[in-house]
Every structure is written in structure tokens, then in C-alpha cells.
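Residues -26 to -1, 1 to 348 in mature numbering (1 follows the signal peptide of the UniProt record, and there is no 0) are what the sequence shown spells out, letter by letter. Just so it is clear, CB atoms sit at the ideal spot from N, CA and C, and this is done for glycine as well. A short worksheet on the structure shown next.
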Amino acid sequence: MIRPKTIISICLIFTLSIVFTVDSLAVMSVDLGIEYMKIAIVKPGIPMEIVLNKESRRKTPVIVAIKGKDREFGEAAISRSSKIPSQSYMFLRELVGKSLDNPAVQQFLQRFPYYNLKTDPNTNELVFEHDSETNYTIEELLSMIFKKAREYASDFTEQSVDAAVITVPPYFTQAERRAIKRACELANIKLLQLMNDNTAVALNYGIFRRKDFNASGSTYLFYDMGSQSTVCTLATYNIVKSKENGYLEDVPQLTIKAVAFDRDLGGLEFQIRLRDYLAKKFQEHHPKIDIFKNAKALTKLFREAERAKNVLSANNEYTAQVEGLVDEIDFKHRITRENFENLCEDLFERVKRPVEEVFNTSGISLVRIRDFFD
């Protein structure tokens, strides 16, 4: 998945070509995931640096919780989401640039039924109904998160940061890309470029390995399963002759041969299935309680499902426990890795499909792949 390197590649690419051509003396890069973002900063004379948030962590949850005039971000918003789940906005990236009837929006509402998403009759925009008087567009909420990212970057560098490079998935449509740009405008951030995150990963890999490439070319496969989606990329690196400063010299060249993706195959779907499994187990013992209509209880189970997913990736069993899940009723249930695998059997079958697709599309055979990265 190589997510931290995505940031590094962006900063390296733009260190020489951008920071001296924009008004800002510092530029931030935002590796925007559906669940987390990572921020880096670059400025003249200083090497690229990863920005730490106020918890001194490299990645920050992409979430904003709003109560009255108060706004919480990151880990603080995660904590508050168990108390005000319907006013804690997360997984926003997959909602940008879409209408209410879009399958991705309907999937979001199915996963998180306590949100009230609707179409604004005046603007025809998708909005969250926050309360009886307030609606928020997806771009407005995302702009709040971008402002917080800039705040982290500015505090880290002790100077104003007004320009950014942001990564997006390669499958993003023009409408989705325009929505990200609009969010930057609302945050008063100058968007220098939107970069496909798979291209950023491939560029980063090539930047540090120029000596390994030759004129005949080397092909690599990059496989990235994130929280929401899976992207597989075939990239070829070779050395070409280019006339620079009046004479020929060897220049490295990157060619993306093929890209395949599954927009709905990621860690989040595994987690949702675990959450729903735990909810049904609770209801087996308490049939009069519809836990799917209890936002706070569903949020607690969602967090516990995340812990279960992480533990079961390395262990054979896990005991899920939530104190006071609903009506002061405690919940406890043992789940095995076999249970988990059975719940997600069809997802495991989909894992290989993007790999098969890039080979079919490119016409490149497996024997030509020099290395594989996930």
C-alpha cells in the first residue's frame, strides 16, 4: 500500500518545480484517504518533512464532529462520534461530486442509516441535514478538514501555508475532482494540482531507484487495498535519450501501462460486515431491541468491529466486548478467524480480479514483472 511514500513522492516532485513559483514559501501535500489523511510540507532550503498532528501522529482521521459552534477534528472527533454519531461526518471523500441517487451515496446510507442526506431544492446539491436550521454540503465539510490540515502544516512550519497538492484515486470522475477543488476554494487554499495516488506511488518508487533502470525497461506491479477501494497498477520504468542543454543525456521515464480497480473492495466493507454480524448476535439475545435504529449503539459496534478486524488479521479469535451497548446492557461475543473469513468469503474472491484485469488490459505476462508491492 505504500501510503507514506505517496506523500514523499508528491513533495519531491514539487520541491523544485512549485515552491519557487507560487506566492507561498511553503507547500503542503495532502494524501487524502477515505478514512485518514497524511500531510507533508516542503519549502526552499529545507528537506521534505512529514507533519505531525496535535497527537504527534503522522495520520489524522478524516472526520469533523459539530455540536453548536464547536468543531472537533481527528481523534477528538472520533471520541465524540459515539455521543453524536449523526453530527460526526466521516468518509466524505466517497460522497463528493455525487447526487442522492448515486449507488455510492445509497451504500453510505445503508452502512450508516443514522445520517440524513438529502438534495437541496435550491442548489440541487447533496447535503447533510445537521439540524432543523442547518445543512452542510460535502464540500463545506471537507473544506473544514482542509483548513485543519493547513493549520497543522502552518503550526509545524511556523509560517503561513496557502498552497497544496492533493492526491485522489485514479478512478475519480471530473465531477469528483471539481468537488475537491471547490472544497479547497472554500478553505482559501490554492490547489496546485490533483494527483492520482497510484501515479504518486509509482513516481516515488522510481525517484529513488534510477540506477536500477535501463533502456529495455522494467515493469512493476503495485497493489493498494485501502479503506474503501482497491487499485492495481502496472508501471514500466526505462531510460530514454533526451536532448537537454544542447546535448543528449539519459533520462528516466515512467509509463503507466494499466490500472484496474474495485471501488467497493476495502477494509471498510470487512469492518461493516463484522459490525452487522455483532449486531445480529446481540439481537438474538434481545429480539425486542432494533440495534440498527440506535445510532450510538451502532457506532460503538462499528468501533469494536474495527478492533476485531485488526486482531483477527493476526490471531485466531477475538472476544468482542462493549459495556452499556444499549439500555445499560453489556455485550460480549467470541468470534473466530474462521467466522470472519466466512462472512467475507466473496470479498476474498474479488481480491485477485484487479490483478487479472491489468494483465489482460496491458497484454503483459506475469513473467515480465520484476517485482510486486502491496
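Taking Met199 as reference, the option from Lys72, Arg45, Phe244, Val214 with the minimal CA-CA separation is Phe244.
The region 138 to 155 and the region 94 to 101 do not touch, with fewer than three beta-carbon pairs separated by less than 8 Å. By the beta-carbon neighbour count (other beta carbons within 10 angstroms, threshold 16), Asp236 is buried. Beta-bridge pairing by DSSP links Phe305 to Val296. Counting only unbroken stretches of 4 or more residues, no alpha helix (DSSP H) element lies wholly within the region 182 to 207.
By the C-beta criterion, the region 256 to 267 is judged not to be in contact with the region 36 to 50, since fewer than 3 inter-stretch pairs fall below 8 Å. In the three-state reduction of the DSSP assignment, Val332 falls in the helix class. Counted as a single uninterrupted DSSP element, the beta strand (DSSP E) harbouring Leu168 occupies residues 164 to 170. Under the DSSP assignment, Ser62 falls in the beta strand (DSSP E) whose first and last residues are 62 to 64. Arg184 and Pro226 have their C-alpha atoms some 7 Å from each other. Going by DSSP, Val101 is part of the beta strand (DSSP E) stretching over 100 to 103.
Nearest neighbour of Ile338 by Cα position, chosen from Thr207, Gly240, Ile309, turns out to be Thr207. Under the three-state reduction of DSSP output, Arg151 falls in the helix class. Taking a contact to require three or more Cβ pairs closer than 8 Å, the region 304 to 311 and the region 167 to 175 do not qualify as touching. Here the alpha carbon of Glu323 sits roughly 21 Å from the alpha carbon of Asn289.
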